[in-house]
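Colleague: Residue numbering for the sequence shown is -19 to -1, 1 to 787, as defined by mature numbering (1 follows the signal peptide of the UniProt record, and there is no 0). Glycine included, every Cβ here is placed at the ideal spot set by N, Cα and C. Just so we're clear, the structure is a prediction, and the values are computed from it rather than from any experiment.
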Amino acid sequence: MECCKYIFGLVFFLYTVQGDILDDYVRTDGAWIISQESITYRTLTKTFCGLKCETETAFTCRAFLFTAKEQQCITLGDNSKTAAVLRKAGAILFEKRMYLLECRIGNGVNYRGTESKTQNGVLCQKWTANSPHRPNYTPFLHPNASLEENYCRNPDHDENGPWCYTTDPETRFDFCNIPECEEKCMHCSGENYRGKASTTESGLTCQAWASQEPHAHGYIPSKFPEKNLISNYCRNPDGEPRPWCFTSLLTKRWEFCNIPRCATPPPAITGQQCLVGNGEDYRGNVGVTETGKTCQSWASQEPHAHARSPENYPCKGLEKNYCRNPDGETKPWCYTTDPNTRWEYCNIATQCDDVVTVTAAVPAVPPQIPPQIPEQKPQQVDDCYYDTGSNYRGTAAMTITGKKCQAWISMRPHRHSKTPSAFPDADLRRNYCRNPDGDKAPWCYTTDPETRWDYCNLQKCAKPETSQTLTLNIDCRVGSGRDYRGHIATTGSGRTCQEWQSQVPHEHTSFTPETHPRSGLEKNYCRNPDGDTNGPWCYTTDKNKGWEYCDIPQCSVPDDGCGKAKYPPLLCFGRVVGGCVSNPHSWPWQISLRIRYNNLHFCGGTLIHPQWVLTATHCLDRSPSPTFYKVSLGLHTEAASEPSAQHRNVEKMFKEPNRVDIALLKLSSPVKITNEVIPICLPSENAVVAGGAECYVTGWGDTKGTGGEGFLKETGFPVIENKVCNRPEFLNNRVRNHELCAGNIDGISDSCQGDSGGPLVCEEQGRYVLHGVTSWGLGCAQPMKPGVYVRVSRFIPWIQRILNEN
């Protein structure tokens, strides 16, 4: 085949569209590109727009933009690799997949990436150049081979893959090191494997990722859109050495899949010498932990045996004993040479020109100052925003379409310029919804690769009440008005709406009663079939105005009040050992379980109903009689001396019949719901919290000398998927399906004695939901030993039955 590169020949590359034309494109909602080469067309469908791109003759079409309401199609000569991607509501960017791939399928005839060096590192000659080598393959002779710039290509179908003429006069051509796409094989640890293998190495069929049977788990596809958890295909979402899956066999929770390694290695990664993001790309030479311990060599199994070896993680730079982050931790770490300390994080300079100074001394801990109870007034903390939300500082992190927000400091899956350093006054913390650029409402980049950004699931704060009170009986909307079915048929500017069934004066096919049968597209009434955050809209009867929003007022919706505190929580995340003293009464469902005759606190619990409390069964081991116990509510101090305190005796006790560590207490009489006493929301039956979800634990338990004794403390930490928590270095298969893990793997904070029975709550759509009952752990705040909680959602039928029958 090499002779072909010296012989004048004509080889045409033919592109054949098979199946749905859009299958060959990568879709990104809310994205916009300004290209130097573009043509605008009017078209009714995305597919027709794709055909325009395929048949474009004015330039090579690499992408197109489509806007559904305007029915506008723009073909583009650029894509996200060659032009900046902007945010634009209602726009959809479709990019030709072949121009985005930096890997090859088969022999790489369709490779359209931008690699421009040979396998030996020599720069490629431009295909239009005649020096130093006169080419036989040129853009003029081979117009369909995409011989652009000096990019590696395979115009002659060489079995060895893409190649180029070189800028070395002594070497006419050479092959390029283009890795295989991970469809039938894997690179590295298979993090990017996207093939369809669905059986384990022992031949077991994989369980579908969207299913919770036979194994309940936290790898929910909608919560991890970037992990491509499709069907029951083998994947590696959690940093294992290779792809795996949950199995369809009840007695075997999960197993690795037998995915072969690709023949060609991936391109070498140029690592960072400083800390960027969580340091996954750090390749510096720091080999000491943050407390001064020397790191163990990654290739060594002494003093700590482990699976993070260079063989298992070939692309993670596990050289010598240098600090690395092979498994997505919060920052680089290493195993230590201290037999008593398995691993620790490392201190890595945050700027490349910083000088890294390592000392063996542990930083001094500032003295604990006795916490003072600040004077507080009830405050409405509904998650809402004023004006455009530029000053919104809440913790909502979910878009209006239910997508999880991407962290502002992260560049995955979407690269962007809205970073905390670029917008220091915008409070771009974690992945919280914000409005750094003065948009019309808070927004965020999403973790879904196909949706660059979206507005957040937030409403505007209610305006002060006027003489008119809105009710559900008048023409009004809830939230974005997607379910609005009222009869307003004029736009905000007074234009009459065009009937949805009509194509005059504005022709449209994207929003009709046939395409959206559940959106209530009746007559010419204002509707919101696409979930627009600004509310209902319609096409207008004015031929010069395609569509407009309608002025539909918000409804005043009754609120059952569960899970919404009147005092804002501190939200101390990541530090009730090592945690923070809570803002008084910011967790109003927390109760104190006490011995009745001496008023001694010994366990926690959660108010789920004015007369019912949920706690742990082992908290009731002190006496089989309910008269032994009492419950105190409305507290901030363990002393229970504040005026807001309410006390009730326990009338009945109900232990879970299968001896699971969860129990119900019926109080002697219902409590009074006040600003300081509010029940928590219960989850839906069998709901699963996704791994990595941020949740909070509260209690008056043992603080192990970390301060705050006598005051309610809180700590926030992530939920850890049971599969991870059951690894040998963590809890070694002790965690059962009806339990969940949560905690900091480094042991900074945890629940402890005296917190048992208390709540693990997670924020969902502006409310806190009870997902766990504090049950057990191996010590308090011990490294590698997260806390274990009873999974409340598994016991919803039992809870409901007890409440209904008693």
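Could you spell out the range, first to last residue, of the alpha helix (DSSP H) harbouring residue 778?
Modeller: 777 to 786
Colleague: Pull up the CB-CB distance for residue 84 and residue 160, whole angstroms please, since I reckon it's below 8 Å.
Modeller: Contact between residue 84 and residue 160 holds, since their C-beta atoms are separated by about 5 Å, short of 8 Å.
Colleague: For a quick check, are the C-beta atoms of residue 229 and residue 188 less than 7 Å apart?
Modeller: yes
Colleague: In three-state DSSP terms, what is residue 237?
Modeller: Residue state for residue 237 is assigned as strand, using DSSP reduced to three classes.
Colleague: Taking Cβ to Cβ, would you say residue 817 is nearer than 7 Å to residue 174?
Modeller: The chain is shown from -19 up to 787; residue 817 falls before or after that span and cannot be answered.
Colleague: Find out if the Cβ-Cβ distance for the pair residue 749, residue 544 is shorter than 7 Å.
Modeller: yes
Colleague: For residue 19 and residue 56, I'd like the C-alpha separation in whole angstroms.
Modeller: 5 Å
Colleague: Measuring CB atoms only, is the segment 275 to 285 touching the segment 193 to 210, in the sense that at least three cross pairs come out at less than 8 Å?
Modeller: no
Colleague: Measuring only between beta-carbons, confirm whether residue 124 sits less than 7 Å from chain C.
Modeller: Note that chain C does not occur in the displayed structure, where there is just one protein chain.
Colleague: For residue 54, I'd like the list of residues in its chain whose CB is within less than 8 Å of its CB, leaving aside the five on either flank, ordered along the chain.
Modeller: 21, 22, 23, 24, 29, 30, 33, 45, 46, 47
Colleague: Indicate the three-state DSSP secondary structure (helix, strand or coil) for residue 720 in the structure shown.
Modeller: Strand.
Colleague: To the nearest angstrom, how far is it from the Cα of residue 510 to the Cα of residue 462?
Modeller: Those two C-alpha atoms are separated by around 9 Å.
Colleague: Quick check on residue 359: does DSSP put it in helix, strand or coil?
Modeller: Low confidence applies to residue 359: its pLDDT is 48, below 50, so where it sits in the model is not reliable, and the reading given next is rough at best. Coil, per DSSP.
Colleague: Measure the Cβ-Cβ separation of residue 552 and residue 663 and say whether it is below 7 Å.
Modeller: no
Colleague: Is the CB-CB distance between residue 380 and residue 435 below 7 Å?
Modeller: yes
Colleague: Can you tell me whether DSSP reads residue 69 as helix, strand or coil?
Modeller: Residue 69 carries a strand assignment under DSSP once its states are collapsed to helix, strand and coil.
Colleague: Under the DSSP definition of a beta bridge, which residues are partnered with residue 40?
Modeller: The partner list for residue 40 (beta bridge, DSSP) is empty, contrary to what the question assumes.
Colleague: Go ahead and pull the three-state DSSP assignment for residue 19.
Modeller: strand
Colleague: Do you know offhand how far residue 682's Cα is from residue 755's?
Modeller: CA-CA distance, residue 682 to residue 755, rounds to 11 Å.
Colleague: How many Å lie between residue 517 and residue 714 at the Cα?
Modeller: 51 Å
Colleague: In or out: residue 542 buried (at least 16 other Cβ within 10 Å) or exposed?
Modeller: exposed
Colleague: Give the C-beta separation of residue 741 and residue 678 to the nearest angstrom, bearing in mind that I take them to be a contact with Cβ-Cβ under 8 Å.
Modeller: 5 Å
Colleague: Please list the terminal residues of the continuous beta strand (DSSP E) segment that includes residue 632.
Modeller: 627 to 636
Colleague: Below 6 Å CB to CB, which residues in the same chain sit around residue 60 once its five sequence neighbours on both sides are set aside?
Modeller: When the five nearest sequence neighbours on each side are left out, the beta carbons in the same chain lying within less than 6 Å of the beta carbon of residue 60 are those of 43, 44, 76, 80, in order along the chain.
Colleague: How far does the beta strand (DSSP E) with residue 583 in it reach, from first residue to last?
Modeller: In this chain, the beta strand (DSSP E) harbouring residue 583 covers 581 to 590.
Colleague: Taking all protein chains shown into account, decide if residue 772 is buried (16 or more other Cβ within 10 angstroms of its Cβ) or exposed.
Modeller: buried
Colleague: Alpha carbons only, please: which of 232, 193, 222, 220 is nearest the one belonging to residue 213?
Modeller: Considering only alpha carbons, the answer is 193.
Colleague: Looking at the unbroken beta strand (DSSP E) that takes in residue 495, where does it start and where does it end?
Modeller: Here residue 495 belongs to no beta strand (DSSP E), and DSSP marks it neither H nor E.
Colleague: The alpha helix (DSSP H) that contains residue 704, what's its start and end?
Modeller: That run of the alpha helix (DSSP H) goes 703 to 706.
Colleague: Using the beta-carbon count (16 or more within 10 Å), is residue 485 buried or exposed?
Modeller: exposed
Colleague: How close, in whole Å, do the beta carbons of residue 166 and residue 241 come, if the pair is a contact with beta carbons under 8 Å?
Modeller: 5 Å
Colleague: Extract the residue ranges of the beta strand (DSSP E) inside the segment 392 to 456, only unbroken runs of 3 or more that lie entirely within it.
Modeller: 424 to 426, 434 to 436
Colleague: Would residue 560 pass as a contact of residue 736 if the rule is Cβ separation under 7 Å?
Modeller: no
Colleague: Among 661, 721, 651, 305, which has the Cα closest to the Cα of residue 671?
Modeller: 721
Colleague: Using 10 angstroms around the beta-carbon of residue 785, count the other beta-carbons present and answer buried if the total reaches 16, otherwise exposed.
Modeller: It counts as exposed.
Colleague: For residue 580 and residue 465, what's the separation of their Cα atoms in angstroms?
Modeller: The alpha-carbon atoms of residue 580 and residue 465 are separated by roughly 53 Å.
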